[in-house]
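J.: Right, I'll just put the structure down here and ask away after.
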Amino acid sequence: MRDERAVLRLSILVTVVVAGFGIVFGLLSGSFSIVFDGVYSLADASMSVLALIVATLIRRHTAEGEASRRLAERFNMGFWHLEPMVLGINGTLLCGVSLYALINAIGSLLSGGRHLEFGFAIVYAVLTSLACFGLAALEFRANRQIRSDFVALDAKAWVMSGSISLALLIAFMLGALLERTEQAWLGPYIDPAVLAVICLIIIPMPIRTIRQALSDVLMVTPPALKQQVDSVAAQVVERHGFITWQAYVAKVGRARQIELYFIVPADWPAWTLAQWDAVRDEVGEAIGGEGPNRWLTIAFTTDPQWTR
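Residues in the sequence shown are numbered from 230 upward in steps of one, following our numbering.
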């Protein structure tokens with residue numbers, strides 16, 4: 230579980246099992262909220278498959294070997310841009326599924342509710358709650374080392390699924406108790422009411438992920454990264470006597486893309502390539518984060534036009 234792809238594969242497998250389990254038990258119990266839980270899990274599984282494909286492409290593109298070299302030749306700019314796209318689609322899809330379920334829940338409440346077989350529903354809620362929270366804990370623990378946005382989002386999705394199942398368990402137990410009381414008439418309203426509340430809680434949750442994904446797709450400049458690069462560039466300009474600099478930075482998924490241009494005086498004495506490379510090494514070390522997911526370009530020019 231130290232590899233992003235291994236975590237996502239396990240998540241997909243468990244998600245498909247839980248989704249099928251939920252749809253079957255939802256039909257047996259007559260609970261639309263359980264069916265929704267299964268459909269929600271299937272939607273999440275489809276996005277996990279996309280996330281696994283993108284993670285595999287990124288890993289292959291940045292790895293060593295002949296296959297990776299051929300892939301890099303065909304896709305020079307890499308696959309980092311696919312990561313925020315998948316995250317954005319994932320969040321949007323989960324919001325859409327939840328909104329549809331909310332509309333159905335409201336319609337069911339207005340039409341008199343829905344009768345349930347609480348025995349089947351309670352068994353389902355217990356088993357899925359344990360499965361969801363267990364896998365969420367496993368992914369959060371694994372992601373302390375992996376540090377993957379995909380795994381982080383997937384772990385949050387498991388927490389959301391577990392919260393749905395736990396809320397259903399509480400509601401179904403309450404409904405089972407009410408069946409033997411004068412308030413038994415409330416039973417048909419329990420399933421759509423709980424579903425409506427769950428949807429209202431779930432819908433806002435992926436919004437932060439959608440916003441971050443949109444920022445990455447639009448290549449919005451991250452303030453913290455821009456400030457760090459400007460600070461390093463200012464020190465280099467002062468230390469070597471350059472005129473000024475121009476920096477362009479963006480975060481695209483897990484990648485940091487940095488283009489840094491130094492403007493030097495027109496009468497600058499001739500330097501060897503090794504001397505210019507030494508300055509590049511100095512800048513790269515100061516910026517930090519060296520690795521396959523850092524795209525760093527450093528150029529020197531006497532003409533400000535080349536920095537625009």
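Heads up, the beta-carbon is just placed ideally off N, CA and C, and yes, glycines get one too.
(1) Looking at A354 and F369, is the spacing between their C-beta atoms short of 8 Å?
(2) Which one of L237, I282, R437, A350 has the shortest CA to CA distance from L398?
(3) Taking the straight line between their C-alpha atoms, what separation do you get for L271 and G341?
(4) Relative to the alpha-carbon of R437, which residue among T450, A422, Y477, L382 has its alpha-carbon at the smallest distance?
(5) Does L359 get closer than 8 Å to chain D when you measure Cβ to Cβ?
(6) With DSSP run on the structure shown, which of helix, strand or coil describes A484?
(7) Nearest to S260 by CA position, among R303, T531, L367, F401, is which residue?
(8) With distances taken Cα to Cα, identify the nearest neighbour of S262 among L424, A503, R483.
(9) With a floor of 3 residues, list each beta strand (DSSP E) that falls wholly inside the segment 492-535, ordered by position along the chain.
(10) Where DSSP assigns a beta bridge to Y477, which residues make up the other side?
(11) What are the start and end residues of the alpha helix (DSSP H) that includes W387?
(12) Measure the beta-carbon distance from G317 to A442 and round it to whole angstroms, keeping in mind my assumption that it falls under 8 Å.
(13) Identify whether T410 lies in helix, strand or coil by the three-state DSSP scheme.
(14) Report the three-state DSSP secondary structure of I432 (helix, strand or coil).
(15) Select from S240, C428, V264 the residue whose C-alpha is nearest the C-alpha of L279.
(16) If you reduce the DSSP assignment to three classes, tell me which class I419 lands in.
(17) Are L322 and M276 touching if we call contact CB-CB under 8 Å?
(18) So the candidates are A495, V508, G482; which of them puts its Cα closest to the Cα of M314?
(19) Could you give the residue range of the alpha helix (DSSP H) that holds I263?
(20) Can you find at least 3 beta carbon pairs, one from the segment 505-513 and one from the segment 526-535, that sit closer than 8 Å?
T.: Short version:
(1) The answer is no: Cβ separation not under 8 Å.
(2) Nearest of L237, I282, R437, A350 to L398, Cα basis: A350.
(3) For L271 and G341, the distance between alpha carbons rounds to 29 Å.
(4) Nearest of T450, A422, Y477, L382 to R437, Cα basis: L382.
(5) The displayed structure is made up of one protein chain only, and chain D is not part of it.
(6) Three-state result, A484: strand.
(7) It is F401.
(8) Ranking L424, A503, R483 by Cα distance to S262 puts L424 first.
(9) Counting whole runs of 3 or more residues, the segment 492-535 contains the beta strand (DSSP E) stretches 523-530.
(10) When DSSP reads this structure, Y477 sits in a beta bridge with E488.
(11) Unbroken alpha helix (DSSP H) run through W387: 378-407.
(12) Yes, G317 and A442 are in contact; Cβ-Cβ is about 3 Å, under 8 Å.
(13) In this structure, T410 counts as coil in the three-state DSSP scheme.
(14) In this structure, I432 counts as coil in the three-state DSSP scheme.
(15) Cα-wise, what sits closest to L279 is S240.
(16) Helix.
(17) Yes.
(18) Nearest of A495, V508, G482 to M314, Cα basis: G482.
(19) I263 -> alpha helix (DSSP H) spans 261-291.
(20) At 8 Å Cβ cutoff, the stretches touch.
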